[in-house]
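Worksheet: one structure, shown below.
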Amino acid sequence: MGVVWRGHDELIGRSVAVKELRLPPGLSERERSLFAERALREARTAGRLNHPGVVAIYDLLPATPEDDAVYIVMELVEAPSLAELLERNGALAEETVARMAGQLLGALDAAHSIGLVHRDIKPSNIMVLPGDEVKLVDFGIAHAMDDTRLTHYGVAGSTGYMAPELFQGADPTPAADLWSLGATLFHAVEGSDPFARQTPAATLHAILHDDLPPLNCHPPLSTLITGLLARAAAGRMTSEEASALVPSTTTALPTAEPDRPGQATSENHATTARPTTPPPRTPPAPPTHSSQATWEGHPTTIRQHTNALPPDPLPDSPPADPPPPHTRPKETKGHVDRACSGGDDSSGRGSLLPPQRRLR
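For the sequence shown, position 241 (counting from the first letter as 1) is numbered 240 according to numbering that gives the first Met the number 0, and the numbering increases by one without interruption.
In structure tokens, the structure reads:
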């Protein structure tokens, strides 16, 4: 959800992605305050997450009286999503899906170990780099906004990939993330969402009552996916059990798989720019903050997200890149270009970032 912009941090000299999240209209002051608190809390937690399978968060610009939006500064990932690959190529090879499964389980383990639940794992939130390297996006902060929207719009999330217990009022847990991962892996290896139906209500009914469609892939990958998609959270395969299957999954798959229509690996995919007709430029508004940061509003075809400087890594996390040889000042120079909208919600589409905002 929201709009993603491509930006450049001139102080550090790196490209970043900036995700704009706007509050829905009609919130009370209490709800606005609650959203701000949640966003900051989620940013602090997500900023501690240091894992190669997760898009890093660098910074958060909170809403102000002049601008009713939160901006998340993130690592820029210029790669297609798993959803785009599946739409373009169809089902992926079992070995490819197994490699992705191992990386995603590792990323979720790192997040769950610090109390962070993703809540919206699905193909469009997984970026696929060359060599089948994957990165999860949209951890934490975006879903603080979803929590605020519950009062107005009902259950938040992507229906076809939501665990059954979430529709019954349960809180999001690591087990719910694992169910969503199972549905995503099913889609990746079979080429279709296991519970997709014509309407959201029919999809919900299928998740709660229908049997899992037959899997055409081989054990132990089929065992992994079936275990993750157990309807009862208490009987669902744990992360440890799933991770134990991944090594055998990557080595024990048949060397000659039966041909399946549309099957492909994600190797050698290319990010293709989609030319767009630039809209008329909007004259910048007068500055609202005492900052030297500049924001440029011309469109770009870059779609993905970026992160800001993360805090110190967790003890058992991989070492973070060394920080720049200076202390980040309260105000930093940078510019942001308008990117295409991302996710499920295009709120804020067509509006340019304020000409000057402080990167804190």
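C-beta atoms are modelled at their ideal positions from N, C-alpha and C, and glycine is treated no differently.
With a contact defined as Cβ atoms closer than 8 Å, His-186 and Leu-103 miss out at about 13 Å. Beta-carbon to beta-carbon, Ala-182 and Pro-171 are separated by about 15 Å, too far to satisfy the 8 Å threshold. Beyond the five residues adjoining it in sequence on each side, His-117 comes within less than 6 Å, by CB distance, of Phe-138 and Asp-176 in the same chain, given in chain order. In the same chain as Ser-123, and ignoring 5 residues on each side of it, the C-beta atoms closer than 6 Å to its own belong to Ser-80 and Ala-82, in chain order. Look at Leu-128 here: in three-state DSSP terms it is strand. For Thr-44, the CB contacts under 8 Å within the same chain, skipping 5 residues up- and downstream, are Ile-113, Gly-114, Leu-115 and Gly-139 in chain order. Here Arg-235 is not near Ala-169, since their CB atoms are 8 Å or more apart. For Ile-224, there is no enclosing beta strand (DSSP E); the enclosing alpha helix (DSSP H) covers residues 220-227. Under the three-state reduction of DSSP output, Ala-35 falls in the helix class. With contacts defined as CB atoms closer than 8 Å, Val-54 and Val-136 qualify as a contacting pair. Three or more Cβ pairs closer than 8 Å define a contact, and the region 127-135 falls short of that threshold against the region 31-49.
The residues Leu-104, in chain order, have a CB closer than 6 Å to that of Ser-242 in the same chain once the five nearest residues on each side in sequence are set aside. Non-local beta-carbon contacts of Val-245 in its own chain, meaning distances under 7 Å to residues more than five positions away in sequence, involve Ala-97, Ala-100, Gly-101 and Leu-104 in chain order. For Val-15, same chain residues with a beta-carbon under 6 Å away, outside a window of 5 residues either side, are Gly-6, Asp-8, Val-72, Leu-75 and Thr-305 in chain order. In the structure shown, Arg-87 falls within a helical segment according to DSSP collapsed to helix, strand and coil. Beta-bridge annotation (DSSP): Ala-16 is paired with Arg-5 and Met-73. Ala-68 is positioned such that its CB atom lies no closer than 8 Å to that of Glu-189. Here Ser-191 is not near Tyr-160, since their CB atoms are 8 Å or more apart. Ile-206 is a Cβ neighbour of Pro-163, given a cutoff of 8 Å.
Pro-61 is positioned such that its CB atom lies no closer than 8 Å to that of Ala-92.
Look at Ser-80 here: in three-state DSSP terms it is strand. In the DSSP assignment, Leu-59 falls within the beta strand (DSSP E) that extends over 56-60.
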